[in-house]
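> Quick one: this structure, given as structure tokens, is what I'll be asking you about.
Number of protein chains: 4
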Amino acid sequence: MRATNVFNDLVGRVADRGRNLMGTTAPRNMAQMCDTLLTGKGEATGLALARAIFDRYDGMGLADRHAFFTMLRDRFGVDRARTETVLKQWQDGDETKLRDLHTASEPRSQELIRRLNRAPGGTRRLVAMRHDLLQLMDDDRTLTPLDADFRHLFGSWFNRGFLELQRIDWHTPANVLEKIIRYEAVHEISGWDDLRRRVAAPDRRLYAFFHPALGDDPLIFVEVALTADIPGDIGGILAADRAMTDTAKAQTAVFYSISNCQAGLRGISFGNFLIKQVVEELGREWPNLTTFVTLSPVPGLRRWALAHRDELPKYLSDTVAAAEDGSRPVALSDLTAHYMLTSRHPRGGATDPVARFHLGNGARLERINRDADASANGQTASWGVMVNYLYDLDTIERNHEAYSTMGEIIAAPPVRRLLKTR
Amino acid sequence: MRATNVFNDLVGRVADRGRNLMGTTAPRNMAQMCDTLLTGKGEATGLALARAIFDRYDGMGLADRHAFFTMLRDRFGVDRARTETVLKQWQDGDETKLRDLHTASEPRSQELIRRLNRAPGGTRRLVAMRHDLLQLMDDDRTLTPLDADFRHLFGSWFNRGFLELQRIDWHTPANVLEKIIRYEAVHEISGWDDLRRRVAAPDRRLYAFFHPALGDDPLIFVEVALTADIPGDIGGILAADRAMTDTAKAQTAVFYSISNCQAGLRGISFGNFLIKQVVEELGREWPNLTTFVTLSPVPGLRRWALAHRDELPKYLSDTVAAAEDGSRPVALSDLTAHYMLTSRHPRGGATDPVARFHLGNGARLERINRDADASANGQTASWGVMVNYLYDLDTIERNHEAYSTMGEIIAAPPVRRLLKTR
Amino acid sequence: MRATNVFNDLVGRVADRGRNLMGTTAPRNMAQMCDTLLTGKGEATGLALARAIFDRYDGMGLADRHAFFTMLRDRFGVDRARTETVLKQWQDGDETKLRDLHTASEPRSQELIRRLNRAPGGTRRLVAMRHDLLQLMDDDRTLTPLDADFRHLFGSWFNRGFLELQRIDWHTPANVLEKIIRYEAVHEISGWDDLRRRVAAPDRRLYAFFHPALGDDPLIFVEVALTADIPGDIGGILAADRAMTDTAKAQTAVFYSISNCQAGLRGISFGNFLIKQVVEELGREWPNLTTFVTLSPVPGLRRWALAHRDELPKYLSDTVAAAEDGSRPVALSDLTAHYMLTSRHPRGGATDPVARFHLGNGARLERINRDADASANGQTASWGVMVNYLYDLDTIERNHEAYSTMGEIIAAPPVRRLLKTR
Amino acid sequence: MRATNVFNDLVGRVADRGRNLMGTTAPRNMAQMCDTLLTGKGEATGLALARAIFDRYDGMGLADRHAFFTMLRDRFGVDRARTETVLKQWQDGDETKLRDLHTASEPRSQELIRRLNRAPGGTRRLVAMRHDLLQLMDDDRTLTPLDADFRHLFGSWFNRGFLELQRIDWHTPANVLEKIIRYEAVHEISGWDDLRRRVAAPDRRLYAFFHPALGDDPLIFVEVALTADIPGDIGGILAADRAMTDTAKAQTAVFYSISNCQAGLRGISFGNFLIKQVVEELGREWPNLTTFVTLSPVPGLRRWALAHRDELPKYLSDTVAAAEDGSRPVALSDLTAHYMLTSRHPRGGATDPVARFHLGNGARLERINRDADASANGQTASWGVMVNYLYDLDTIERNHEAYSTMGEIIAAPPVRRLLKTR
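Protein chains in written order, with full-length UniProt numbering: chain D, 1 to 422; chain L, 1 to 422; chain P, 1 to 422; chain V, 1 to 422.
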């Protein structure tokens, strides 16, 4: 990492030199700068230009950034003339031109992004740029086509083959640990003592994916607890005064938190790969582990129940109604089973987003736990219910197949039986 | 690197597991396997399939590999139906579909290659695969469209932003040094003693670009000698018994050999970036360096002179004719200047391939050296002539511009004057 | 470090094997075990025995440890017979026996300690052992001769030539940083945020000495602040909301805290080497630094003033008397100057222990600062006075010479003048 | 290592500064310089002086070095007056002075060596110094007492607890591998290809001990071959075209070469520790290994047989006589057994030096191999005989005990039976 920095620094100086050269002919504005970067072929000017574009971007407020993205979308879209030329050749009967059509119709913004990436720290800066873009898209969906370019390139650059799994522990440099504290998105890490419990205790593990171009900034991480049995509540996992599990006897590994770290990489999926690789890693180190489960939130339960109250079986509808005073529904497990097993997302699959992720990975809904999350968050989202998804390497492929092709929600029999209670 | 290996190993085992799962339903042949990889979404099966495809490929002879590539080209080309659908929408007036046209017309082989890349060591295996493809293309140009997919993805993955410059010296692991010996393509390294002279002498340097996915296998390297003056012959640089240059007084850095290491990355250009970064690195370490030049072969001189003898000025035509007995032309410097400055490649730029590279980088043709290369190779190609190209950071941009837009060959006045001799 | 651990582990297993072998013939008690370790020559048994002795020691309470040390002192003292034999030979006229006398009279405990050191983690365990010994010596000075053996060997093993200077910063592993927090003995580090300010701010540095046998456990560290001028109070250095110093303009480096980390290495001196090496390191990185000073406590001032009140010049005696109500003496600077410049330790040199350290290193007493330390500690020890010692590489040797041979206290003229005030 | 170098460099500069300070008062000659180093307490001067002494030493020829060592021996011997004072106190009845006698009689050269060790690279330079001393001692045994000081301190500094085992393979830096080639003392490594076979083949290993103060310069290394059975000749181990052993099935690990690397550390023993640790390491990696043996030369056989011909049983005496024409003795195995089992060194133990080493470690003489070493060396020393010593962790302790206390040569029954043949 150090060596990289030295040379990034050097590249920086190449860029500086280029910038000086650029002095007199420097483009007046970002649009011109981008034009030059895209059409020019000089490397010194190229790196300098890329860096100058990033620097100018960093100095902008959000409104200017919005204008910048709009400009990129409009000015660096598909080369229509070139596309039409190739199209005509193809339609005139030259079959070889079908492939050329793809090349000809590549939005020019893609090559622009590739050239920006050459600058020192380019990847990192592009990820930050897309973070802004995603935020702006909340109000302006017309930027979606531009985002598609970022997403396409990031998907290629952050290919699983380029990721490195690393264990995070108490020997990890503090600057990385500090990021873990900041990035934890599910069960907040309250400080260094809490962190120490999660990474340094013998019955706890934390693994992260890194990408060479982002250095020591992780992409995603998962926190693991070794336990005797499948746990039914998160409080017992996180408590400072919990009993330590004897790892030599532990049979269960619990993935109790998965956090994506890079907002600018939204939609580029790593979690599936991460979990499965960690399952392998743990199994290698402790061959006595037999069970790999999550302890997961059910973020959509309460909102769904209230929205669909009238469509529920009467006893569930009643239980939801009775809970309108803020109390917990009585038949909460049945209600959860109903939500997980019967409701469907408009685009297919389970309604619950966390369920979609794990079921899509081939995991099985293993258990529903009441009183599992006493936090305000947990109460608000799901009246404190959490669930376990089971990762069984021998069945994930079959499960995945059944889920993705037939839409079947794979669940353990006891969960299934909750559906038939009345 | 070690950590990566451990986890590659793990991924290997995930893949093994996937392969076992695959057992009963394993596709009968490569086409089916590729179909499944491309359409399936399961990760365990995915990695296993990718690996199985590579393994099966490795077991094939060249004829089968040819058939495999032909199959890829034909079966995983552009999705014509999807393209036509989008095309129609666009032609029906939906302007937003212009960008979709690009996505729709992406050859399916591109996504297939991306999925192959996820396997352990995938990038390395894809580079090896393309190496075969390039060789087969010598006799079968119909594979060119498939190669365009490899080239496009490699260009994106081996973006300069992902490369790391490293110095190679006598503290470098032997397995890397062994590769340097093997990859040196210009001035053969005769063994470990010769290598030691090139990397361990105080007045010698060797720098290489690496890519994280290829581990300790370099992409390209450049060899540098520090000298008092611009050297006129390669023998003096390589001699085992040469005098050492006092690096505190050296004013000149000579790039006397540049070797690309990965045949499978042909056409993905790194040399330009490498030279400029090394110029910066050297300038930082030895601020007294004022001159950065190459000592380069002129591989096309003799062939060109013989082929164009009749079009030359008479005294040059005579000198070439006189040399038909195997002797060297008398007016060799004039002849070289004529070749470099007046001849043009059909696609523009200089005729000589090495000249095209350096002039395209913005270097200047600085000097013509007779009796510069006593090797059989050097005699055969250019009657022993070598030239120096000068890299001056303050003018490379202007030179590059003049060369690439106007086709102007930038040369030092003394070289220019050779043209006017008679 | 990792590699070392692997092999420590292996050695551990060799030791285990040895222990098994030992099974039937294992010495009944520690004295016998030590006898066997010292006389036996078997390596497997040797490592196992050494480890067994350490393990048994770890299981003991303080009283048993006291008995253990007493046993070592009495049973593994000098071999009197051997000494007398050699002595007689020498006194009989064999001059060559004078050197043998040294060998013959070596306390057997020294070789015993050397053999204990061979065990995995031996050095670390011996350092812990001496820590106990030093504590027991508070009440039992008869153990001093045994401690002389530890001290002699530690002095040899922790020779400056074996120490490694390392910078501690925010990229340092958390387990090392945690030790820094724990070991800071002068100005307590209140937590990770405070630590971060001391190691990660651009105008702060922390350097430590490490020894290979103690791994990542530091021996001593020094904290440095870069400032514009010589600082007059510690609060300004430590404040969370202090202004940052522009390091490009800083002219002063302030050593504001030096902490020894290993209680078991008391009396083995590293501070002198550390400060001077850090001065060089800082000077190399920031050539604009011109001044290297400490900001140091005066721990003995108040006690001395109260004890020697009657011997002071009247105006100082009065000022001390007036301060008996808890207020600060009026003429506090004069009083401090008097303490530093005129009082002498019974064994020579300055009375103040911190002064003895810095003056002995060749530093000069540069300035006396009132209101420099608002902490309860600082008030109690010195009514809040702190002083600066100046490290000037061009004069430290001369200063050191004058101090150590003539007992001269080197002080800046303004400090000297305080003596002459009345 | 890099970090160490940086700081060595710094220390170097502290030393430079000290040297400048020293300018005017620099001692005229080495004796004075050593006096000053020993008595002075200044650190800057101390490092500078130490370095100056080393530098001046390096500039000397062998005769001056001899004079230097003589001076050290005579001028920095035991402080006789101090010794006599303490001696008198002890003889006058102060028992506590017995321990002080040891301290008082320490040759002053020991503390001098310790202070030299503080200089940058001090340990390395002291080891080189002792190398010279050992060579001079060949002709001048009066230097022995001085060597005792070096030996004593080196024994303490190179304590097994400070050594690090490392595997040497093809990923090892070339500068280390180059040293291995140079240091191999038993079976010469003919170049990089030969080295590659010994470190990079799957069925070959090479392990070395390193000491932190010597950086990447090894102390000792052992070469290992994995084989199916106990090998009977070295040619089969070293052959370039040998068949590879399937390591998954190998049952035997053969230590076929052990080389000490540092002539200046002669007499400081590491081999015993190295072999046993490597046995453990190999056993951990390949649990199927059951047999750990050497393939060792018998360097003293031929000389011994010729010298003791007349004392041998007649058939052996005859066989030796018959071999005087240069042919090999007929009953060579019997003769070897007789040599190994019956002859004794004047100071006890086996006569053969290699046998003394392995038997002293607790190994067992396992087999005698005729036609085992076709090299000129092997023929000259032992008519080509080599032997295997077996390291069995379960019996080495007992073997060692029997050998070292009873002088019993432990040998396998078939070897023993050779004694009884006639």
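All residues carry an ideal CB built from backbone N, CA and C; glycine is no exception.
In this structure, does DSSP put residue 223 of chain L in helix, strand or coil?
Here the question's residue 223 of chain L lines up with position 223 in the second sequence. Here residue 223 of chain L sits in strand by DSSP.
> Between residue 102 of chain P and residue 107 of chain V, which are expected to be in contact by the criterion C-beta below 8 Å, what is the C-beta distance as a whole number of angstroms?
Indexing the third sequence from 1 puts residue 102 of chain P at position 102. Indexing the fourth sequence from 1 puts residue 107 of chain V at position 107. Sure, about 6 Å apart at Cβ, within 8 Å.
> Tell me whether residue 184 of chain V sits in a helix, a strand or coil according to DSSP, three-state version.
Here residue 184 of chain V refers to the residue found at position 184 of the fourth sequence. Three-state DSSP puts residue 184 of chain V in coil, outside helix and strand.
> Which residues bound the beta strand (DSSP E) around residue 369 of chain L?
The residue given as residue 369 of chain L occupies position 369 in the second sequence. Counting along the chain, the beta strand (DSSP E) containing residue 369 of chain L begins and ends at 364-369.
> Chain L partners of residue 395 of chain V, CB-CB under 7 Å?
Reading the fourth sequence from its first residue, position 395 is the one you call residue 395 of chain V. Under the 7 Å cutoff, chain L gives no residues; its nearest Cβ is about 37 Å from residue 395 of chain V.
> Which chain P residues sit within Cβ distance under 8 Å of residue 177 of chain D?
Residue mapping note: residue 177 of chain D aligns to position 177 of the first sequence, counting from 1. Within chain P, the residues near residue 177 of chain D are 174.
> Can you tell me the Cα-Cα spacing of residue 419 of chain L and residue 356 of chain L, whole angstroms?
Position 419 of the second sequence holds residue 419 of chain L. Position 356 of the second sequence holds residue 356 of chain L. Roughly 19 Å separates the two Cα atoms.
> If you measure from the beta carbon of residue 24 of chain D to each beta carbon in chain L, is any gap under 7 Å?
Translated into positions along the first sequence, residue 24 of chain D becomes position 24. Low per-residue confidence applies at residue 24 of chain D: pLDDT is 35, beneath 50, and the placement is therefore not dependable, though the value from the model is reported in the following sentence. Output row for residue 24 of chain D: interface = no.
> Please report the distance separating the alpha-carbon of residue 510 of chain D from that of residue 182 of chain P.
Given a span of 1 to 422 for chain D in the structure shown, any question on residue 510 of chain D remains unanswerable.
> From the DSSP output, read off the bridge partner residues of residue 206 of chain D.
Here residue 206 of chain D refers to the residue found at position 206 of the first sequence. DSSP, once it has assigned bridges, lists D:223 as partnering residue 206 of chain D.
> Who does residue 173 of chain D pair with in a DSSP beta bridge?
Along the first sequence, read from residue 1 onward, the residue named residue 173 of chain D stands at position 173. DSSP output for residue 173 of chain D lists P:173 as bridge partner(s).
> Decide yes or no for the touch test of the segment 221-236 of chain L against the segment 365-380 of chain L: beta carbon pairs closer than 8 Å, at least 3 of them.
These segments touch.
> Quick one: measure Cβ to Cβ for residue 133 of chain V and residue 126 of chain V, integer angstroms, because I've assumed they're closer than 8 Å.
Residue mapping note: residue 133 of chain V aligns to position 133 of the fourth sequence, counting from 1. Residue mapping note: residue 126 of chain V aligns to position 126 of the fourth sequence, counting from 1. 10 Å between Cβ atoms; not a contact.
> Of all the CB atoms in chain V, is at least one closer than 7 Å to the CB of residue 383 of chain L?
Indexing the second sequence from 1 puts residue 383 of chain L at position 383. No, because no Cβ of chain V sits closer than 7 Å to the Cβ of residue 383 of chain L.
> State the Cα-Cα distance for the pair residue 345 of chain P and residue 70 of chain V, rounded to the nearest angstrom.
For the purposes of this step, residue 345 of chain P is identified with residue 345 of the third sequence, where counting begins at 1. For the purposes of this step, residue 70 of chain V is identified with residue 70 of the fourth sequence, where counting begins at 1. If you take the alpha carbons of residue 345 of chain P and residue 70 of chain V, they lie about 42 Å apart.
> How far does the beta strand (DSSP E) with residue 113 of chain D in it extend, from its first residue to its last?
Here the question's residue 113 of chain D lines up with position 113 in the first sequence. That residue, residue 113 of chain D, is in no beta strand (DSSP E); its alpha helix (DSSP H) goes 108-117.
> Can you tell me whether residue 362 of chain D is buried or exposed? The criterion is at least 16 other CB atoms within 10 Å of its CB, across all chains shown.
Numbered from 1 along the first sequence, position 362 holds the residue referred to as residue 362 of chain D. That one is buried.
> Indicate whether residue 209 of chain L and residue 238 of chain L have their beta-carbon atoms separated by less than 7 Å.
Walking along the second sequence from the start, residue 209 of chain L turns up at place 209. Walking along the second sequence from the start, residue 238 of chain L turns up at place 238. Not in contact: residue 209 of chain L and residue 238 of chain L (Cβ atoms no closer than 7 Å).
> Give me the Cα-Cα distance between residue 242 of chain P and residue 171 of chain L, rounded to the nearest whole angstrom.
Within the third sequence, the letter at position 242 stands for residue 242 of chain P. Within the second sequence, the letter at position 171 stands for residue 171 of chain L. Spanning the two alpha carbons is a distance of roughly 45 Å.
> Please classify residue 417 of chain D as buried or exposed, where buried requires at least 16 other C-beta atoms within 10 Å of its C-beta.
Here residue 417 of chain D refers to the residue found at position 417 when the first sequence is read from its first residue. When all chains shown are included, residue 417 of chain D counts as exposed.
> Along the segment 285-317 of chain V, where does the CB come closer than 8 Å to a CB of chain L? Name the residues.
Within the segment 285-317 of chain V, no residue has a Cβ that lies closer than 8 Å to any Cβ of chain L.
> For the pair the segment 375-394 of chain V and the segment 301-318 of chain V, tell me if three or more CB-CB distances fall below 8 Å.
Counting Cβ pairs under 8 Å, three or more are found: they touch.
> Does the segment 396-406 of chain P come close enough to the segment 305-325 of chain P that 3 or more CB-CB pairs lie under 8 Å?
No, the segment 305-325 of chain P is not in contact with the segment 396-406 of chain P.
> Using CA atoms only, rank isn't needed, just tell me which of D:255, D:212, D:205 is closest to residue 391 of chain D.
Residue numbering aside, residue 391 of chain D sits at position 391 when the first sequence is read from its first letter. Nearest of D:255, D:212, D:205 to residue 391 of chain D, Cα basis: D:255.
> Could you compute how far the alpha carbon of residue 93 of chain D sits from the alpha carbon of residue 87 of chain D?
As a first step, residue 93 of chain D is located in the first sequence; it is residue number 93 there, counting from the start. As a first step, residue 87 of chain D is located in the first sequence; it is residue number 87 there, counting from the start. One C-alpha to the other measures close to 10 Å.
> With the cut-off set at 7 Å, would you say residue 130 of chain P and residue 118 of chain V are in Cβ contact?
Looking up residue 130 of chain P in the third sequence gives position 130. Looking up residue 118 of chain V in the fourth sequence gives position 118. Cβ distance not < 7 Å, so residue 130 of chain P and residue 118 of chain V don't count as in contact.
> Quick test of your reading: residue 279 of chain L and residue 393 of chain L, contact by CB under 8 Å. State the CB separation rounded to the nearest angstrom.
In the second sequence, residue 279 of chain L corresponds to position 279, counting from 1. In the second sequence, residue 393 of chain L corresponds to position 393, counting from 1. Correct: roughly 7 Å between the Cβ atoms.
> Whose Cβ in chain V lies nearer than 9 Å to the Cβ of residue 152 of chain L?
On the second sequence, position 152 is the one that residue 152 of chain L refers to. The contacting residues do not exist; residue 152 of chain L stays about 34 Å from chain V at best.
> Give the secondary structure of residue 351 of chain P by DSSP, where H, G and I count as helix, E and B as strand, and everything else as coil.
Counting from 1 along the third sequence, the entry for residue 351 of chain P is found at position 351. Note: residue 351 of chain P maps to coil in three-state DSSP.
> Excluding five sequence neighbours on each side, which residues of the same chain lie with their C-beta closer than 8 Å to the C-beta of residue 30 of chain P?
Numbered from 1 along the third sequence, position 30 holds the residue referred to as residue 30 of chain P. Correct list, in chain order: 53, 56, 57, 68, 71.
> What residues in its chain sit with their C-beta under 8 Å from that of residue 236 of chain D, if we drop five residues either side in the sequence?
Numbered from 1 along the first sequence, position 236 holds the residue referred to as residue 236 of chain D. Correct list, in chain order: 242.
> Is residue 90 of chain V close to chain L, meaning its C-beta is less than 7 Å from at least one C-beta of that chain?
Counting from one through the fourth sequence, the residue named residue 90 of chain V turns up at place 90. Not closer than 7 Å to any Cβ of chain L, the Cβ of residue 90 of chain V fails to qualify, so no.
> Between the alpha carbons of residue 338 of chain P and residue 324 of chain P, how many angstroms are there, rounded?
Counting from one through the third sequence, the residue named residue 338 of chain P turns up at place 338. Counting from one through the third sequence, the residue named residue 324 of chain P turns up at place 324. Cα-Cα distance, rounded: 19 Å.
> Taking C-beta pairs closer than 8 Å, name the residues in chain L that residue 78 of chain D reaches, listed in chain order.
Indexing the first sequence from 1 puts residue 78 of chain D at position 78. Within chain L, the residues near residue 78 of chain D are 98, 99, 101, 102.
> With 16 other CB atoms within 10 Å as the buried threshold, where does residue 62 of chain L fall?
Counted from its first residue, the second sequence places residue 62 of chain L at position 62. Classification for residue 62 of chain L: exposed.
> In three-state DSSP terms, what is residue 252 of chain L?
Locating residue 252 of chain L in the second sequence gives position 252, counting from the first residue. Of the three classes helix, strand and coil, the one that applies to residue 252 of chain L here is strand, per DSSP.
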